[in-house]
Amino acid sequence: MKREKTSSFLKKVGWILMFIGIPVGSAIAAIPFLFFGKVIEPAKKREKNTVVVLAILFVLFFLPSLINAQNKLLALGSVLSLALMIYAVLLGVNYIVLRGDFFNLLIRMLIVSATFSSAYALTIYFSNFDFLRFGARARTLFAGENTLGGVTVFSIIWTLTYLTHTGNRRKLGLGLVLLLMILALVFSFSRGAWLGAVGALISYGFWEKKARLKVAVALFIAVIVLLSVPSLRGRLASIANLSHPLTRERIYIWKATWEMIKAHPLLGIGMDNYSIVYQKYMLKGAEISRPSSAHNIFLNIWVEGGLLALLSFTGIVVITLVKGFRLIRSFSGLARAVAVASFSALLGILIHNQVDTTLYSMHVGPIFWLLVGMIIYGDKFSIKQVQFS
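Residue 1 is where the sequence shown starts when you use the UniProt record's numbering, and the numbers rise one by one after that.
Written as structure tokens, this is what we have:
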């Protein structure tokens, strides 16, 4: 009994730190608590789960890439970090899924933390504001601009869910908080996060009829701000302009990545070894100094972990999205609202990661595994309320 209470306490602290840490750019403090809470929990019968099996294989398939890794210690450490993150977060999601009241508290903490993060980000931006020139960018407390964009998409979806499924007395305050988050996202200048936010919001509005007007207003406000500020307008236009230097930079990186894949298609080059190997395959005339990743999660996994790692990750994504679709179709009430939010937030993160790579990081990578867990264990979700309190 004492062991079970200790395990529960550690998990509770871990999840609180997770939901507070995500909006400010680092959930890493949560991992030790979740890990040890999971380690000491009383033995239980394990249910077979295809996504969990694929997640284990995903980690194991990175190990052969150590053969080609130029920095083997870095690669091994990164694989172990990935394993730790998956074990602590994905396998630990059951704790909050089975405790709907605690999850309700976590969402409130997330909103408070995201409010602080958005206010901080906008303060950083406007203290260096240049109306015409793209210079300063909003950033969060513990991470950079693109990370701010990614975590804010996550926060926006859950705040929108809380706003849609709570009492009228909170709606005005939550609406103002949501506006703050939208502005922080816009002034992050993160094009990938913008695309992810559009995908997540469209998905959310499609599934959640009660939120369609709110989604339309959110998108309208974002578009007005984007078109009103010249530096933002130029950044937005660069997305569809293949000759724009920023867009061409991504294309050069993807072409170099493909050359790396052709050289090491099966085993990859080793986890987190991308920047070390890049210069050998860099295209002539495209002198981009040591990009940290392939700026596409699927290409990055293939180039660093090999074909089997890519296939296992793709399997995780496909099965999770299909399961999310089924949960949305079969659930009702607040359980359905959580399924819609998890599905839409995951979709937004995946869209963002077509031009970025944030899922490896121990700081914000847990977001992906949290959402995967919320979906694959979603049929166990237990909450008594008909709305968030």
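For glycine and all other residues, C-beta sits at the position ideal for the given N, C-alpha and C.
Query                                                                                                                                                            : Result
Under the assumption that N146 contacts G192 (Cβ atoms under 8 Å), give the Cβ distance between them as a whole number of angstroms.                             : 7 Å
Taking the alpha helix (DSSP H) that T147 falls in, what are its first and last residues?                                                                        : 145-164
Assign F331 to one of three DSSP states: helix, strand, or coil.                                                                                                 : coil
Give the straight-line distance between the Cα atoms of A337 and L163, rounded to the nearest whole angstrom.                                                    : 11 Å
Going by CA-CA distance only, name the one from L176, L236, S231, H165 that's closest to W194.                                                                   : L236
Do you know how far the Cα of S188 is from the Cα of S344?                                                                                                       : 21 Å
In the DSSP output, which residue or residues are listed as bridge partners for V388?                                                                            : This sequence places Phe at residue 388; Val is not what is there. Looking at the DSSP assignment, F388 forms a beta bridge with T166.
The alpha helix (DSSP H) that contains Y377, what's its start and end?                                                                                           : Y377 -> no alpha helix (DSSP H), and no H or E assigned at all.
Return helix, strand or coil for E4, following the three-state DSSP convention.                                                                                  : helix
If you draw a straight line from the C-alpha of S117 to the C-alpha of A263, how long is it?                                                                     : 42 Å
Can you list, in chain order, the residues of its chain whose CB lies under 8 Å from that of I111, leaving out five sequence neighbours each side?               : S155, W158, T159, Y162, L174, V177
Would you call M1 buried or exposed, if buried means 16 or more other Cβ atoms sit within 10 Å of its Cβ?                                                        : exposed
In terms of residue numbering, what span does the alpha helix (DSSP H) encompassing Q70 cover?                                                                   : Note, Q70: premise wrong, no alpha helix (DSSP H); not H, not E.
Could you check how far apart the C-beta atoms of L350 and V89 are, in whole angstroms? I think they sit under 8 Å.                                              : Not confirmed; about 17 Å, so no contact.
Since F35 is in the alpha helix (DSSP H), which residue starts that stretch and which ends it?                                                                   : 30-39
Ignore the nearest five residues each way along the sequence and tell me which others in G14's own chain have a CB closer than 7 Å to its CB.                    : A30, F33, L34, G37
In chain order, what residues of the same chain have a beta carbon less than 8 Å from the beta carbon of K72, not counting five sequence neighbours either side? : L66, G270
At the level of alpha carbons, what is the spacing between I276 and M181?                                                                                        : 36 Å
Grouping DSSP H, G and I as helix and E and B as strand, with all else coil, what is T357?                                                                       : coil
Report the rounded CA-to-CA distance for N168 versus A218, giving the unit in angstroms.                                                                         : 19 Å
How about W369: is its C-beta nearer than 7 Å to some C-beta of chain C?                                                                                         : Checking the listed chains, one finds no chain C in this structure; it contains a single protein chain.
In or out: K323 buried (at least 16 other Cβ within 10 Å) or exposed?                                                                                            : buried
With 16 other CB atoms within 10 Å as the buried threshold, where does L132 fall?                                                                                : In this predicted model, L132 has a pLDDT of only 47, less than 50, meaning its place in the structure is not dependable; the value taken from the coordinates is given anyway. Exposed, since its Cβ has fewer than 16 Cβ neighbours within 10 Å.
CB-CB under 6 Å to S243, same chain, minus the five flanking residues each way: which ones, in chain order?                                                      : none
Counting only the same chain and skipping the five closest in sequence on each side, list residues whose C-beta sits under 6 Å from that of S78.                 : M271, D272
Give the list of continuous alpha helix (DSSP H) stretches no shorter than 4 residues that lie fully inside the stretch 216-288.                                 : 230-237, 245-263, 274-281
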